[in-house]
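Let me begin by presenting the structure, written as C-alpha cells, before commenting on it.
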Amino acid sequence: MKVLHIAAGLSSKERPHHQPFIKSQIDSLKKEGVDCRVYEIKSYNSKLEYFKSIQVIRNLITENNYDILHAHYSYCGFSTYFASSNKPIVLSFMGSDLLGTPNIQGVLTTRGKIDKFISSFVAKRMNHLIVKSEQMKNLLPIQVPISVIPNGIDFDIFKPIDRNKSRKILGFKENDFIVLFLGNVKQPVKNFNLTKKAVESFKKENDGVKLITPFGISQHQVVEYMNTSDVLMLSSFWEGSPNVIKEAMACNLPIISTKVGDVETVMQDAYNCFTVDFSEGEIIDKLRIIYESKKRSNGREKIDHLRNEVIAQKIIEVYKSVLSTK
Numbered sequence: 002m003k004v005l006h007i008a009a010g011l012s013s014k015e016r017p018h019h020q021p022f023i024k025s026q027i028d029s030l031k032k033e034g035v036d037c038r039v040y041e042i043k044s045y046n047s048k049l050e051y052f053k054s055i056q057v058i059r060n061l062i063t064e065n066n067y068d069i070l071h072a073h074y075s076y077c078g079f080s081t082y083f084a085s086s087n088k089p090i091v092l093s094f095m096g097s098d099l100l101g102t103p104n105i106q107g108v109l110t111t112r113g114k115i116d117k118f119i120s121s122f123v124a125k126r127m128n129h130l131i132v133k134s135e136q137m138k139n140l141l142p143i144q145v146p147i148s149v150i151p152n153g154i155d156f157d158i159f160k161p162i163d164r165n166k167s168r169k170i171l172g173f174k175e176n177d178f179i180v181l182f183l184g185n186v187k188q189p190v191k192n193f194n195l196t197k198k199a200v201e202s203f204k205k206e207n208d209g210v211k212l213i214t215p216f217g218i219s220q221h222q223v224v225e226y227m228n229t230s231d232v233l234m235l236s237s238f239w240e241g242s243p244n245v246i247k248e249a250m251a252c253n254l255p256i257i258s259t260k261v262g263d264v265e266t267v268m269q270d271a272y273n274c275f276t277v278d279f280s281e282g283e284i285i286d287k288l289r290i291i292y293e294s295k296k297r298s299n300g301r302e303k304i305d306h307l308r309n310e311v312i313a314q315k316i317i318e319v320y321k322s323v324l325s326t327k
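Here's what the structure looks like:
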C-alpha cells in the first residue's frame, strides 16, 4: 500500500514543537508496513503555499502510483482535492481547523470562521474523514465516512524517568512544587490567565510553588519537563483531542484540565487527573489535592489503547476501507 501524506509545517530542528505527532504517526505506519511518502507544504512562509503546492502535488501523483492520498489539516485537504481528480483522499482534521479559534472572550475570530468554512467545503469532497474526538465528529453532519481516531503516543519516548535526575538537569530543587503549562501563553484560546491566577493564589498558602511555561521545545525536552513537574495545567477554552494530555498520562504526570475536547473521556478513572470548570477556586482545590498526595498518576496504564502501533492499525483499516470502495 503506497500512501502520499500531505502535511503543513512538520517538526524540524528549527521548529521541534510543530506537529511532531504527524511525523510520529507516519513513522508508526511505516513500521506496520505501509509505504509512506511525505510532501510538506511550507505554510509558515505564506498561506499562498497552499495554492502553490497544488501543481506540485499533481506532479507527484502523476509520477508515482499512489494508492491513497492522506492530507493532515483542512487546508492540506483543500490543496490535495484540487490536485487530484481520481485518487481517494483521506483527511485528518487537527482540531482548530474544524472547531475554529476563539478570542479571549470565547468568540470565533475571523480566521476561525474562515477555517470552519474551508473545513466544511473540503469535508464534503473527501473519501474518508478522520477526527480526534466525538465532539469533532458531531460537527460533521455529512454523508462521508468518518472515523474517530485520536493521535497515538510513542510509549518509547513518553515514559516515566527518574524525577530527581530530571530536576538536576533543569535546575529545580527537590522540594519545589512545579506546575507545568505547555501551551502558547500568547494564544487567547489557551486561556493562560486562568492558570496564572490560580497558581498565584495557591502560592500564598504553600511554599516552593513554581509555574513554568517552556513553549516551543522538542519532544525529548517535553519528557524531561513532564517528569520534573508535579502537575500539568491545561486551561484552554477549546481543544479537539489535546496531545499534551495523553503525553502527560504516559509519563504518569498528574493533570488538571478544563473540560475540553475528549479530555474527560481520556482521563476517565485515572488517579490524580482532574477536569474542572473555568473556576480559579476549583483549580486551587485540585492543586491542593495533588500537593498533599505527593504522588504521581497511573495515567500510563489507562491509555495503553493509544499506543502508536494500535492507532496505526486503525488508520490502516481506514485505508483498506477506502480502497475497497474505490
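For the sequence shown, the working numbering begins at 2 and goes up steadily by one.
Idealized CB from N, CA, C, for every residue including glycine.
Inset, instruction - Inspect the beta-carbon positions of K117 and V145 and report whether they are closer than 8 Å. - result: no
Legend entry - DSSP bridge partner residues for V4 (one or two, in chain order): C37 and I69
Legend entry - Check whether E240 and V261 have beta carbons under 8 Å apart: yes
Legend entry - K191 and S121 closer than 8 Å at C-beta: no
Inset, instruction - Could you spell out the range, first to last residue, of the beta strand (DSSP E) harbouring S258? - result: I256 to T259
Inset, instruction - Return the residue from the list Q20, I27, G10 and K3 that minimises the CA-CA distance to N1. - result: No statement about residue 1 is possible, as the shown extent of the chain runs from 2 to 327 and does not include it.
Inset, instruction - Measure the CB-CB distance between S242 and N273 and report whether it falls below 8 Å. - result: no
Inset, instruction - State the Cα-Cα distance for the pair M2 and N66, rounded to the nearest angstrom. - result: 10 Å
Inset, instruction - With distances taken Cα to Cα, identify the nearest neighbour of K138 among K166, S93 and F178. - result: S93
Inset, instruction - With a threshold of 16 other CB atoms inside 10 Å of the CB of E248, please say whether the residue is buried or exposed. - result: buried
Inset, instruction - Could you check the C-alpha separation between Y40 and K211 for me, to the nearest Å? - result: 41 Å
Inset, instruction - Give every residue of the same chain whose Cβ lies closer than 8 Å to the Cβ of I246, excluding the five residues on either side of it in the sequence, and list them in chain order. - result: L233, L235, I256, S258, V264, V267 and M268
Legend entry - Nearest residue (CA-CA) to I1, options I316, D98 and N207: Because the chain in this structure spans residues 2 to 327, residue 1 falls outside the shown range and cannot be described.
Inset, instruction - Rank V323, V123 and F193 by C-alpha distance to the C-alpha of F79 and give the top, closest one. - result: V123
Legend entry - Member of S25, Y51 and I162 whose CA lies at the smallest distance from the CA of I251: Sequence inspection shows Ala at residue 251; the Ile mentioned does not correspond to that position. Selected option, being the one with the closest Cα: I162.
Inset, instruction - Tell me, to the nearest whole angstrom, how far the beta carbon of V319 is from that of S148; I am working on the premise that it is less than 8 Å. - result: 5 Å
Legend entry - Run of the alpha helix (DSSP H) containing F178, from where it starts to where it stops: Careful: F178 lies outside any alpha helix (DSSP H), inside the beta strand (DSSP E) at F178 to L181.
Inset, instruction - Only counting runs of 4 or more residues, tell me where the alpha helix (DSSP H) segments fall wholly within the segment 109 to 153, in order along the chain. - result: 111 to 124 and 135 to 138
Legend entry - CA-to-CA distance, I42 to C77, given in whole angstroms: 8 Å
Legend entry - Spatially closest choice to K315 from P151, L99, L109 and E50, by CA coordinates: P151
Inset, instruction - Starting from the C-beta of L109, find all residues in its chain whose C-beta is less than 6 Å away, skip the five residues before and the five after it, and write them out in chain order. - result: G101 and P103
Inset, instruction - Name the residue from T276, K197, Y82 and T326 whose alpha carbon lies nearest to the alpha carbon of K187. - result: K197
Inset, instruction - Give the straight-line distance between the Cα atoms of I135 and K169, rounded to the nearest whole angstrom. - result: Note that residue 135 is Glu in the sequence shown here, rather than Ile. For E135 and K169, the distance between alpha carbons rounds to 41 Å.
Inset, instruction - With distances taken Cα to Cα, identify the nearest neighbour of V180 among I58, T229, S25 and A72. - result: T229
Inset, instruction - Decide if Q20 is buried, meaning its Cβ has at least 16 other Cβ atoms within 10 Å, or exposed. - result: buried
Inset, instruction - Please go through the same chain and pick out, in chain order, the residues whose beta-carbon is closer than 7 Å to the beta-carbon of A271, but skip the five residues on each side of it. - result: M250, S298, N299, G300 and K303
Legend entry - Residue range of the alpha helix (DSSP H) that includes M250: N244 to A251
Inset, instruction - Measure from the alpha carbon of K88 to the alpha carbon of each residue in K174, N244, N253 and V4, then state which is nearest. - result: V4
Legend entry - Per DSSP, the bridge partner or partners of K211: I179
Inset, instruction - Ignore the nearest five residues each way along the sequence and tell me which others in Y74's own chain have a CB closer than 8 Å to its CB. - result: A8, A9, S93, F94, M95 and D98
Inset, instruction - Use the C-beta contact count for I143: other C-beta atoms within 10 angstroms, 16 or more gives buried, fewer gives exposed. - result: exposed
Legend entry - Bridge partner(s) assigned by DSSP for C274: I256
Legend entry - Limits of the alpha helix (DSSP H) - the one that M1 falls within: Only positions 2 to 327 of the chain appear in the structure, and residue 1 is not among them; the question remains open.
Legend entry - E64 classed as buried or exposed, judged by whether at least 16 other C-beta atoms fall within 10 angstroms: exposed
Inset, instruction - Pull up the distance between the alpha-carbon of I317 and that of D231, whole angstroms please. - result: 37 Å
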